[in-house]
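Working notes for the structure below.
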Amino acid sequence: MSSRLFKKKDVATMLSESENQHGGLKRNLTTHHIIALGIGAIVGTGIFVITGQAAADYAGPALTISFIISAIGCIMAALCYAEFAAMMPVAGSVYSYSYATMGEIQAWFIGWILVLEYLFACSSVAVGWSGYMTNLLHGWGMDLPAQLSNATFDHVNGEWIATGAIFNFPAVFIIALITAFLIGGIKQSSLVNNIIVVIKVGVILLFIGFGLSYIDFGNWQPYIPENTGTYGKFGWSGILRGAGVVFYAYLGFDALSTTAQEAKNPQKDMPRGILASLLICTVLYVAVTAVLTGIVNYKELNVAAPIALAIDHAGEGLAWLSPFVKIGAIAGLSSVILVMMLGQSRIYYAISRDGLLPKKFSKVNRHGTPQNATIFACIVTGIFAGLFPLSVLSELVSIGTLMAFTIVCLSIIVLRKTRPDLKRPFKTPFVPVIPLIGAGVCILQMISLPWASWARLIGWTIIGLIIYFCYGIKHSKLNKDIQ
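Residue numbers (my numbering): 3 to 485.
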């Protein structure tokens with residue numbers, strides 16, 4: 003039994019399968035496509051919502067430093083992702099990397115955690131999209147019935163209650179629409195994402211460019227507000243707490259590694275795409291935060307739409323930008339859903355290809371898309387987005403991502419020791435220092451999460467293990483020769 007659980011998949015076999023599989027995924031993505039997908043995945047809820055709340059509660063104008071600190075931690079993980087993506091350009095991201103370095107049971111565990119991350123990230127962003135769209139339609143004089151624009155259930159004071167709503171129709175609608183684009187193939191999906199990225203980055207640049215003239219430098223004084231006497235409430239401890247909070251704003255770059263099997267030249271395209279998209283988003287985050295806290299005093303920014311507040315604060319001079327910001331937010335959230343749905347379907351595809359999930363999920367259509375896996379992702383994501391509120395869905399996202407980051411960083415060290423012979427077109431510098439720091443930062447953030455997040459993670463893991471021992475281990479292609 004133990005030999006079956008810990009049997010590793012040979013890297014050479016993995017690469018051969020990805021290159022020789024007839025009717026498999028098509029290599030259509032260039033570096034520019036991957037960078038656009040990265041920006042599409044990263045720039046969303048973080049820049050339009052979290053910036054104001056984190057500045058008001060933790061760091062003040064010094065939230066710019068928080069973004070840089072958080073980016074450094076993400077870059078360390080990104081360097082590890084880049085080495086794996088260039089060395090093993092296959093679908094499946096950390097799942098595939100773990101299969102080669104740690105064994106089948108560990109690979110299944112992290113694959114199941116990735117499903118958790120992408121499923122609930124996509125569901126929570128879809129609920130956020132619903133809120134922005136409902137607000138935009140209200141401004142145009144069109145109101146959806148409350149029964150069709152809210153979650154069916156809510157979790158209040160430790161108890162589940164029925165809200166009286168039927169389901170969140172806008173959230174389900176955007177998921178279905180994105181799925182239709184994804185089924186049309188990676189090339190079409192990438193084109194749609196490129197258009198969305200141009201819109202949302204254009205809106206962000208408009209806010210930065212025109213907002214500069216409305217900055218009141220007095221709002222930056224003091225740049226680092228004095229600590230209130232409570233850890234995490236301003237001062238340097240507030241900057242560090244703010245870095246942990248805005249970490250959520252960087253989620254998404256890891257989903258790029260799931261598309262490695264669809265990159266034209268993955269050895270070069272993947273490292274460039276992952277690192278460039280992360281750096282571009284960091285610059286945008288810092289610039290938006292600087293303008294935002296310059297226009298509005300940080301104490302007033304604890305609102306759901308801080309950029310909209312800044313535009314209103316600037317007066318008539320920026321009033322024309324208000325509808326564009328709402329459209330930009332909707333576009334930003336749409337591209338996040340697209341990339342997360344893309345990543346989720348590729349995880350199902352990779353796990354199914356190894357026999358751990360039904361083989362129907364690894365079948366692709368004439369566009370080179372895992373259609374069944376994409377439709378399944380649509381159905382499951384739509385159910386969660388339609389029935390549950392944002393507060394419930396968002397809790398599980400960060401812990402799944404941090405777990406994945408930790409495993410990637412540690413896997414780099416393991417594979418450097420066990421397989422030094424492998425060709426590495428891109429190498430993570432200063433190994434093991436950078437991977438250890440990256441893993442340490444992630445572990446510290448996981449420890450700081452509330453017990454409820456850990457309890458839900460344990461429950462999710464138990465469900466995954468039941469599926470593995472009832473189905474996966476019996477159908478594993480790798481283990482057929484020792485059964």
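Beta carbons are placed, not taken as given, at the ideal position from N, Cα and C, and that holds for glycine. Values in this document were obtained by computation on a predicted structure and should not be read as measured data.
message = Would A128 and A387 be called neighbours here (beta carbons separated by less than 8 Å)?
response = Within the sequence shown, numbered from 1, the residue matching residue 128 stands at position 126. Within the sequence shown, numbered from 1, the residue matching residue 387 stands at position 385. Yes, Cβ-Cβ distance for A128 and A387 is below 8 Å.
request  = Give me the Cα-Cα distance between H24 and G345, rounded to the nearest whole angstrom.
outcome  = For the purposes of this step, residue 24 is identified with residue 22 of the sequence shown, where counting begins at 1. For the purposes of this step, residue 345 is identified with residue 343 of the sequence shown, where counting begins at 1. Confidence at H24 is low in this model, with a pLDDT of 48, below 50, so its placement is unreliable and the value that follows should be read with caution. Near 21 Å, if we compare the C-alpha coordinates of G345 and H24.
key: Proximity to T291 [Cα-Cα], best of A58, I37, L31   = Translated into positions along the sequence shown, residue 291 becomes position 289. That would be A58, whose Cα lies nearest to the Cα of T291.
query = Just reading off the alpha helix (DSSP H) that F155 is part of, what are its end residues?
reply = Taking the first residue of the sequence shown as position 1, residue 155 is located at position 153. Note, F155: premise wrong, no alpha helix (DSSP H); beta strand (DSSP E) at 155 to 158.
key: Separation of G440 from I465, as counted between CA atoms   = For this step, residue 465 is matched to residue 463 along the sequence shown. For this step, residue 440 is matched to residue 438 along the sequence shown. Roughly 29 Å between the two C-alpha positions.
task = Compute the Euclidean distance between the alpha carbons of A307 and Q55, then round it to the nearest angstrom.
result = For the purposes of this step, residue 307 is taken as residue 305 along the sequence shown, with counting starting at 1. For the purposes of this step, residue 55 is taken as residue 53 along the sequence shown, with counting starting at 1. For A307 and Q55, the distance between alpha carbons rounds to 9 Å.
task = Between the Cα of S413 and those of I112, I49, T66, I77, spot the shortest distance and give me the residue it belongs to.
result = In the sequence shown, the residue the question calls residue 413 occupies position 411. Of I112, I49, T66, I77, the residue nearest in Cα terms is I112.
Pairwise C-alpha distance: S215 and N117 = Within the sequence shown, the letter at position 115 stands for residue 117. Within the sequence shown, the letter at position 213 stands for residue 215. Contrary to the premise, residue 117 reads as Val rather than Asn in this sequence. Going from the Cα of V117 to the Cα of S215 covers about 45 Å.
ask   = Taking Cβ to Cβ, would you say G42 is nearer than 8 Å to V327?
value = Stepping through the sequence shown from its first residue, residue 42 is reached at position 40. Stepping through the sequence shown from its first residue, residue 327 is reached at position 325. Not a contact, by the Cβ cut-off of 8 Å.
request  = Go ahead and pull the three-state DSSP assignment for L424.
outcome  = Here residue 424 refers to the residue found at position 422 when the sequence shown is read from its first residue. The answer is coil: DSSP assigns L424 none of H, G, I, E or B.
query = So what's S324 in DSSP terms, helix, strand or just coil?
reply = On the sequence shown, residue 324 is found 322 positions in, with the first residue counted as 1. In the structure shown, S324 sits in a helix (DSSP, three-state: H, G or I).
message = So for L31, helix, strand or coil by DSSP?
response = Sequence index remark: in the sequence shown, residue 31 carries index 29 (1-based). Of the three classes helix, strand and coil, the one that applies to L31 here is strand, per DSSP.
task = Return helix, strand or coil for H24, following the three-state DSSP convention.
result = Sequence index remark: in the sequence shown, residue 24 carries index 22 (1-based). Model confidence at H24 stands at a pLDDT of 48, short of 50, so the residue's coordinates are unreliable; what they give is reported in the following sentence. Coil, per DSSP.
request  = Have a look at R421, G130, A61 and flag the residue whose alpha-carbon is nearest the alpha-carbon of F390.
outcome  = As a position in the sequence shown, residue 390 is number 388, starting the count at 1. Here the closest residue by C-alpha is G130.
ask   = Is the beta carbon of A123 sitting closer than 8 Å to the one on V399?
value = If you number the sequence shown from 1, residue 123 lands on position 121. If you number the sequence shown from 1, residue 399 lands on position 397. The answer is yes: Cβ separation under 8 Å.
request  = List the residues that DSSP assigns as beta-bridge partners of N170.
outcome  = Numbered from its first residue, the sequence shown carries residue 170 at position 168. Paired residue(s): S151.
ask   = Span of the beta strand (DSSP E) holding A57?
value = On the sequence shown, residue 57 is found 55 positions in, with the first residue counted as 1. Neither: A57 is in no beta strand (DSSP E) and is coded neither H nor E.
ask   = To the nearest angstrom, how far is it from the Cα of F212 to the Cα of N196?
value = Walking along the sequence shown from the start, residue 212 turns up at place 210. Walking along the sequence shown from the start, residue 196 turns up at place 194. Computed Cα separation, rounded: 24 Å.
ask   = Excluding five sequence neighbours on each side, which residues of the same chain lie with their C-beta closer than 7 Å to the C-beta of V394?
value = As a first step, residue 394 must be located in the sequence shown, where it is residue number 392. Here the set comprises H157.
request  = Answer yes or no: the CB of K270 versus the heavy atoms of the ligand HEM, is any distance below 7 Å?
outcome  = Inclusion of the ligand HEM in the displayed structure is not the case, the ligand content being empty and no account of it being possible.
inquiry  = Suppose you measure from the CA of A289 to the CA of Q190; what does that come to, to the nearest Å?
reply    = The count along the sequence shown starts at 1 and reaches residue 289 at position 287. The count along the sequence shown starts at 1 and reaches residue 190 at position 188. Roughly 31 Å between the two C-alpha positions.
W486, DSSP secondary structure in three states = Here the chain comprises residues numbered 3 to 485, so residue 486 is not present and cannot be evaluated.
ask   = Sorted by chain position, which residues of the same chain lie with C-beta nearer than 8 Å to L7's C-beta, five sequence neighbours on each side aside?
value = For the purposes of this step, residue 7 is taken as the residue at position 5 of the sequence shown. Taken in chain order, the residues that qualify are G105, E106, I107, I475.
Bounding residues of the alpha helix (DSSP H) (the contiguous stretch that carries S132) = Taking the sequence shown and counting its residues from 1, one reaches residue 132 at position 130. Counting along the chain, the alpha helix (DSSP H) containing S132 begins and ends at 106 to 141.
query = Would DSSP call A102 helix, strand or coil?
reply = Counting from one through the sequence shown, the residue named residue 102 turns up at place 100. Reduced to three states, the DSSP call for A102 is helix.
request  = May I have the straight-line CA-CA distance separating F249 from I210, to the nearest angstrom?
outcome  = For this step, residue 249 is matched to residue 247 along the sequence shown. For this step, residue 210 is matched to residue 208 along the sequence shown. Their Cα atoms are separated by approximately 22 Å.
ask   = What span of residues does the alpha helix (DSSP H) with C472 cover, start to end?
value = What you label residue 472 is simply residue 470 of the sequence shown in a count that begins at 1. Run containing C472: none; DSSP gives neither H nor E here.
query = I332 and M135 look like a contact to me (Cβ under 8 Å); what is the Cβ gap, rounded to whole Å?
reply = Residue mapping note: residue 332 aligns to position 330 of the sequence shown, counting from 1. Residue mapping note: residue 135 aligns to position 133 of the sequence shown, counting from 1. The Cβ separation is near 6 Å, so the contact holds.
ask   = By DSSP, does A73 sit in helix, in strand, or in coil?
value = Residue numbering aside, residue 73 sits at position 71 when the sequence shown is read from its first letter. In this structure, A73 counts as helix in the three-state DSSP scheme.
task = Taking all protein chains shown into account, decide if N481 is buried (16 or more other Cβ within 10 angstroms of its Cβ) or exposed.
result = Within the sequence shown, the letter at position 479 stands for residue 481. Under this definition N481 is a buried residue.
request  = Starting from the C-beta of I329, find all residues in its chain whose C-beta is less than 8 Å away, skip the five residues before and the five after it, and write them out in chain order.
outcome  = Within the sequence shown, numbered from 1, the residue matching residue 329 stands at position 327. So the list reads L138, I201, V205, once near-sequence residues are dropped.
inquiry  = Could you tell me the alpha carbon to alpha carbon distance between I415 and S100, rounded to whole angstroms?
reply    = What you label residue 415 is simply residue 413 of the sequence shown in a count that begins at 1. What you label residue 100 is simply residue 98 of the sequence shown in a count that begins at 1. Cα to Cα, I415 sits roughly 12 Å from S100.
Same chain only: Cβ atoms within 6 Å of L459, ignoring 5 sequence neighbours per side = Numbered from its first residue, the sequence shown carries residue 459 at position 457. Cβ within range, chain order: I401.
Reduced DSSP secondary structure (H/G/I, E/B, other) of A265 = Residue numbering aside, residue 265 sits at position 263 when the sequence shown is read from its first letter. Reduced to three states, the DSSP call for A265 is strand.
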